[in-house]
Structures are given as C-alpha cells and as structure tokens.
Amino acid sequence: MKALILVLLLVAKVAVSQTQQTGMYARTATPIWDRLWSDSGKARPVSIPSPDSSARLIARWMEVGKDSGVQLTLEEHGTTLWSRKVTPGVGIEAAWAPDSKAFFVTTSGGGRNGFYGLTVYFLNEDAVSEMQLTPAIETAFGHPVKCQSEEPPNVAGVKWTANSKELVAVAEIVGHSNCDSESTFRAYQVSLPEGSIIRSYGEIEAKRLFGGDLGWEIKNAPDRCIRRSTSCWQYFNHDSTR
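Residue numbering for the sequence shown is 12 to 253, as defined by our numbering.
Shown next, in the form of structure tokens:
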C-alpha cells in the first residue's frame with residue numbers, strides 16, 4: 012500500500028506547480044488532489060466552504076486496507092450531512108454553484124491523464140442527491156476522430172452559469188497517442204437537474220467565450236488540430252500517411 016501511495020504522489024506532482032491555485036479543468040475549482048498532500052508527502056484535509064458559508068465540503072485521503080481514496084464529507088455547523096468515498100480520486104477537483112445549492116466533482120477513475128468523469132451533487136433539505144453527467148456528454152461527443160482503439164473522452168466541469176441550474180462541461184480527447192487530435196475538446200452547456208444539453212461549442216468558440224474559466228489542462232489545447240485536422244493525425248490511424 013505504501014508503494015501505491017508513493018506512485019500516486021509522484022503522479023500528483025507532475026504539474027503541481029501549475030495546479031496549486033487552479034483546477035485542471037475548471038480554473039475556479041478547488042484542486043483537491045494537489046492540495047491534499049503537504050511538501051513532506053503527508054495527507055491533510057482540504058476544506059471548501061459554500062459561497063453562503065452555510066456548509067463546507069471536506070476532502071480527506073483515506074486508507075482502509077487496499078481500498079484507498081478520497082473521502083468527501085459535507086458538513087453544516089459541525090454536523091455531517093453526507094459522505095462519499097471517491098476511489099482512487101486522482102486529479103479530483105470541485106466547485107460550488109453560486110447559490111450554494113449544488114457542487115460538481117471532476118475526477119479520474121485511473122491516473123492523472125484520465126479517464127475523467129463528472130458528477131453533480133444537489134443539496135436538499137435533508138439529503139444530497141447526485142447526477143452522473145458523464146454518459147450524456149460522452150454520447151453527445153461520440154467518436155469524432157480516428158483512434159487505434161475506441162475510448163471515451165475525459166469529461167469535466169468548467170463553470171456554473173446560472174446558479175445551480177446550468178453549467179458548462181467539456182469532453183476532451185485523452186492526451187496520449189491513441190487518437191488523432193489528442194487533447195482537443197468540445198464544450199457543452201447543460202441544463203440541471205434535467206441533465207439535458209442545451210448547446211455545444213467547438214474548441215475555438217469555447218475558448219473565446221469561456222477562456223477565463225478554463226483550467227490549465229484545456230486552456231492550451233492545440234487549436235491547430237481544429238484548424239487543420241491532418242496536422243494532428245497519428246500515422247497508425249491513416250494508412251496514407253505511412
């Protein structure tokens with residue numbers, strides 16, 4: 012287990028200089044994963060207060076035998092309202108809605124590169140409900156480029172646009188050399204709690220409209236791949252380029 016922790020810590024440090032203050036996908040999200048660890052490698056809790064200060068989301072690194080992950084706990088005036096363990100929790104980041112009635116969590120089910128998924132949690136009077144937005148966005152994104160083997164995109168939250176009623180999310184081609192145009196993305200405006208997609212935006216338009224809200228991972232997505240897709244082809248996906 013100690014070996015696993017060391018590996019996760021090393022992965023977490025890859026971009027730590029960029030990520031201490033901003034989220035990987037959402038600039039204003041709290042980069043929980045990067046703040047969980049002290050310089051000495053010891054885990055420490057991360058507290059994220061709601062905008063109205065009525066509640067706070069607390070993230071802690073938890074180890075129970077071989078089952079390690081990030082424990083998310085929602086507290087109100089010192090009382091625990093809800094708790095959920097996210098395994099393994101790599102790259103996890105979270106952002107509250109402006110009205111404090113919901114928050115979204117983006118995290119990888121594997122390593123720092125992906126695959127990432129997006130969950131929205133809604134605060135009700137006596138309970139917390141959740142909505143998985145990953146499947147709907149994956150379906151909308153589809154498979155727009157050729158891959159050596161088909162794989163889902165990274166799906167992540169970017170910003171809240173209408174309190175807890177609407178957010179912008181992205182689907183990103185994973186940044187490794189399996190697919191053409193790696194690390195490019197498309198953005199989606201999602202209505203909540205229906206989970207329906209209102210509108211989608213290409214990468215260049217999304218950067219123009221939401222550039223100040225994009226985290227470091229997608230802010231520098233290669234626009235040349237959008238303007239001239241052949242410049243970002245992988246040779247093994249196109250016989251004519253061999």
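Idealized CB from N, CA, C, for every residue including glycine.
Endpoints, beta strand (DSSP E) assigned at residue i
| i | result |
| --- | --- |
| residue 107 | 101 to 107 |
| residue 161 | Segment: none, residue 161 is in no beta strand (DSSP E) and carries neither H nor E. |
| residue 229 | It is not in any beta strand (DSSP E) - residue 229 instead sits in the alpha helix (DSSP H) that spans 227 to 230. |
| residue 208 | 207 to 212 |
| residue 177 | 177 to 183 |
| residue 113 | 113 to 122 |
| residue 197 | 196 to 202 |
| residue 128 | 125 to 134 |
Proximity below 9 angstroms, CB of residue i to CB of residue j
| i | j | result |
| --- | --- | --- |
| residue 105 | residue 70 | yes |
| residue 165 | residue 240 | no |
| residue 169 | residue 226 | yes |
| residue 192 | residue 236 | yes |
| residue 90 | residue 37 | no |
| residue 111 | residue 66 | yes |
| residue 108 | residue 175 | yes |
| residue 177 | residue 194 | no |
| residue 197 | residue 211 | yes |
| residue 180 | residue 129 | yes |
| residue 115 | residue 59 | no |
| residue 121 | residue 35 | no |
Buried or exposed by the 16-neighbour rule on C-beta atoms within 10 Å, applied to residue i
| i | result |
| --- | --- |
| residue 33 | buried |
| residue 28 | Residue placement at residue 28 cannot be trusted, given a pLDDT of 45 that sits under 50; what the coordinates show is reported in the next sentence. Counting Cβ neighbours within 10 Å, residue 28 comes out exposed, since fewer than 16 surround it. |
| residue 43 | buried |
| residue 223 | exposed |
| residue 125 | buried |
| residue 144 | buried |
| residue 214 | buried |
| residue 64 | exposed |
| residue 75 | exposed |
| residue 40 | buried |
| residue 153 | exposed |
| residue 148 | buried |
| residue 61 | buried |
| residue 167 | buried |
| residue 52 | exposed |
Residue i - containing alpha helix (DSSP H), residue span
| i | result |
| --- | --- |
| residue 45 | 43 to 46 |
| residue 146 | 145 to 152 |
Coil, strand or helix - residue i by DSSP
| i | result |
| --- | --- |
| residue 13 | Model confidence at residue 13 stands at a pLDDT of 45, short of 50, so the residue's coordinates are unreliable and nothing is read from them. |
| residue 95 | strand |
| residue 36 | coil |
| residue 219 | helix |
| residue 61 | coil |
| residue 78 | strand |
| residue 18 | Reliability of the predicted coordinates at residue 18 is poor, the pLDDT of 44 falling under 50, and no value is obtained from them. |
| residue 172 | coil |
| residue 248 | helix |
| residue 240 | helix |
| residue 55 | coil |
Proximity test, residue i beta-carbon vs the ligand NAP heavy atom, cut-off 8 angstroms
| i | result |
| --- | --- |
| residue 91 | Although the ligand NAP was asked about, the structure shown includes no ligands whatsoever. |
- Message: When you compare the segment 68 to 85 with the segment 94 to 108, are there three or more beta-carbon pairs, one atom per stretch, that lie closer than 8 angstroms?
- Response: Touching, yes, given that three or more Cβ pairs across the two stretches are closer than 8 angstroms.
- Item | Stretch-stretch touch, CB-based, cutoff 8 angstroms, three pairs: the segment 226 to 236 with the segment 45 to 52 | The answer is no - the segment 45 to 52 does not touch the segment 226 to 236, with fewer than three Cβ pairs under 8 angstroms.
- Message: For the structure I just gave you, are there three or more beta carbon pairs, one from the segment 128 to 142 and one from the segment 200 to 214, closer than 8 angstroms?
- Response: The answer is yes - the segment 200 to 214 touches the segment 128 to 142, with three or more Cβ pairs under 8 angstroms.
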